[in-house]
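Right, one structure below, let's go through it.
Numbering (the numbering used here), first residue to last: 1 to 159.
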């Protein structure tokens, strides 16, 4: 899923993660989300010149995901994905929520993830990761019309 994120968001990403996966994937997935969120926040700095907002609607076979985000320095997370605690191989699809909760918190972004519909757990996860990547690509794109300005009428993106 991180490969999909990197490819569809046009982000260079290399991850080396170790964890107690012999117990379960929870801590490793959550810790990876924490680190990715921290890296995003550090890479964006003051966020001068970026669009700040991003959204995307993405179909993946029978699934349709919608993501909206605001790189506001105010962490919020809304996740409306209705599925049973399904497994993709030995990975619980419920961990997708834990991953993105950690990303939103650590990147101090307002992130809304909605599954419009979907059946196959792998397609649902894939749609969410690709959709987030494309929304983040939009939000982090430099907008030449902004110059070096912050994307805020307040002149600050405060936490």
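Virtual Cβ for every residue (Gly too), placed ideally from N, Cα, C.
Residue 33 to residue 142 span [Cα, whole Å]: By one-based count along the chain shown, residue 33 stands at place 33. By one-based count along the chain shown, residue 142 stands at place 142. Looking at the two C-alpha atoms, the distance is approximately 24 Å.
Test: residue 131 CB closer than 9 Å to a CB of chain B: No chain B appears in this structure, which consists of one protein chain only.
Looking at the ligand ZN, does it come within less than 8 Å of residue 132, judged from the CB to the closest heavy atom? Here there are no bound small molecules, and the ligand ZN is not part of this structure.
May I ask you to report which of helix, strand or coil DSSP gives residue 7? By one-based count along the chain shown, residue 7 stands at place 7. Correct three-state label for residue 7: helix.
Is it the case that the Cβ atoms of residue 40 and residue 131 are separated by a distance below 9 Å? The residue you call residue 40 lines up with position 40 of the chain shown. The residue you call residue 131 lines up with position 131 of the chain shown. Going by C-beta atoms, residue 40 is not nearer than 9 Å to residue 131.
Every unbroken beta strand (DSSP E) inside the stretch 1-88 [3 residues or more]: 53-60, 63-70, 76-80
Buried or exposed (CB count within 10 angstroms, at least 16 for buried), residue 80: As a first step, residue 80 must be located in the chain shown, where it is residue number 80. Under this definition residue 80 is an exposed residue.
Own chain partners of residue 95 with C-beta closer than 7 Å, once the 5 adjacent residues on each side are dropped: Position 95 of the chain shown, counted from the first residue, corresponds to residue 95. Closer than 7 Å at Cβ, skipping near neighbours: 25, 26, 29.
Give me whichever residues DSSP pairs with residue 110 in a beta bridge. One-based indexing of the chain shown puts residue 110 at position 110. Per DSSP, 70, 76.
Beta-carbon separation of residue 54 and residue 140 under 9 Å? As a first step, residue 54 must be located in the chain shown, where it is residue number 54. As a first step, residue 140 must be located in the chain shown, where it is residue number 140. For residue 54 and residue 140, yes; Cβs fall inside 9 Å.
Suppose contacts are defined by Cβ-Cβ distances below 9 Å. Is residue 121 in contact with residue 49 by that definition? Locating residue 121 in the chain shown gives position 121, where the first residue counts as 1. Locating residue 49 in the chain shown gives position 49, where the first residue counts as 1. The answer is no: Cβ separation not under 9 Å.
Would residue 5 and residue 91 qualify as a contact pair, given that the criterion is a beta-carbon distance under 9 Å? Numbered from its first residue, the chain shown carries residue 5 at position 5. Numbered from its first residue, the chain shown carries residue 91 at position 91. Contact: no.
Using the three-state DSSP reduction, which class does residue 116 fall into: helix, strand or coil? Walking along the chain shown from the start, residue 116 turns up at place 116. DSSP places residue 116 in strand when its eight states are reduced to three.
Are the stretch 104-115 and the stretch 65-84 in contact at 8 Å, needing three or more beta carbon pairs? yes
Rounded straight-line distance, which links the Cα of residue 144 to that of residue 155: Here residue 155 is taken as the residue at index 155 of the chain shown, counted from 1. Here residue 144 is taken as the residue at index 144 of the chain shown, counted from 1. Answer to the nearest angstrom: the Cα atoms are 17 Å apart.
For residue 93, which three-state DSSP category applies? Taking the first residue of the chain shown as position 1, residue 93 is located at position 93. Coil at residue 93, not helix or strand.
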